[in-house]
Structure formats: C-alpha cells, structure tokens
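The structure appears below as structure tokens.
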Amino acid sequence: MTLFWQSDGRLTEDYHVFVHLLNTEGLLVAQHDGVPVQGERATWNWRDGEVLQDEHTLVTGVDLPGGAYVLSVGMYDFLTSARLPALSPTGERLLEDCVFLEDIQVTLP
C-alpha cells in the first residue's frame, strides 16, 4: 500500500508507521510496523509542508477468511509506543490517533 505523509510542522522525534488490518469485530488480524520511507528519511528530518510517499506491504496468513475488513494507519514513538496525534483536515484529533480506512474487501483466489 502507498501512503502519503505531510508534515504540518517540524518533528523532533523519529516515528514509526503502523498499518493494522482489523476484522469487523475490531480484532487485529494482520499488521506491518516499520520506519517510514523505507528508512531513507527520518521523521525528524521532514520539512514543514513536505509530502513523502511511503510504501508498506501487509502480509496476511493463508487462513484469513474473505470478507470485510478495516485498515488503520498511524505513527508512534518506537521507544514509548505513544502514538503521534492524528488530525482531521479540519484540525480535530482523530479517534485512537489513527486514520481508519473502511470497507476493505479481502477476496480469496
């Protein structure tokens, strides 16, 4: 999956990205955590207003049933696990400090 990040100010910490696949009950069924931009640019080095493209691969188990899922995406401090506050386009803080991408359909071959 391709994510795009835009900094709205200078970051002082080095954050990691999480991508979580949740079932309809909200249980975690797959995840990918890692440094953004494949480690090429630490978040403390992002410039205000800069947009960065960030690739992540989410691998699921072969036993994952087909159906509806939700993706949640955000950033966190690797040392403390504290999530970076996530804001809506209008500046409101988002629930659980992540963006939820709903209605992801997993289909089986």
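Numbering (our numbering), first residue to last: 934 to 1042. Idealized CB from N, CA, C, for every residue including glycine.
(message) My output table needs one value for G1007: the three-state DSSP class, helix, strand or coil.
(response) Locating residue 1007 in the sequence shown gives position 74, where the first residue counts as 1. The answer is strand: DSSP assigns G1007 an E or B state.
(message) Measuring only the C-alpha atoms, how far is G959 from A1015?
(response) One-based indexing of the sequence shown puts residue 959 at position 26. One-based indexing of the sequence shown puts residue 1015 at position 82. Cα to Cα, G959 sits roughly 20 Å from A1015.
(message) Using a Cβ distance threshold of 8 Å, determine whether the segment 988 to 1007 contacts the segment 1027 to 1042, with at least three qualifying pairs required.
(response) Inter-segment contact for the segment 988 to 1007 and the segment 1027 to 1042 is present: three or more beta-carbon pairs are separated by less than 8 Å.
(message) Please report the straight-line C-alpha distance between L944 and P1042, rounded to a whole angstrom.
(response) Along the sequence shown, one-based indexing puts residue 944 at 11. Along the sequence shown, one-based indexing puts residue 1042 at 109. Cα to Cα, the separation comes out at about 43 Å.
(request) Could you tell me whether the segment 970 to 977 touches the segment 937 to 956, where touching means 3 or more Cβ pairs closer than 8 Å? (result) Verdict: yes, contact present.
(request) Between the Cα of G967 and those of V984, S940, D996 and L936, spot the shortest distance and give me the residue it belongs to. (result) Numbered from its first residue, the sequence shown carries residue 967 at position 34. Cα-wise, what sits closest to G967 is L936.
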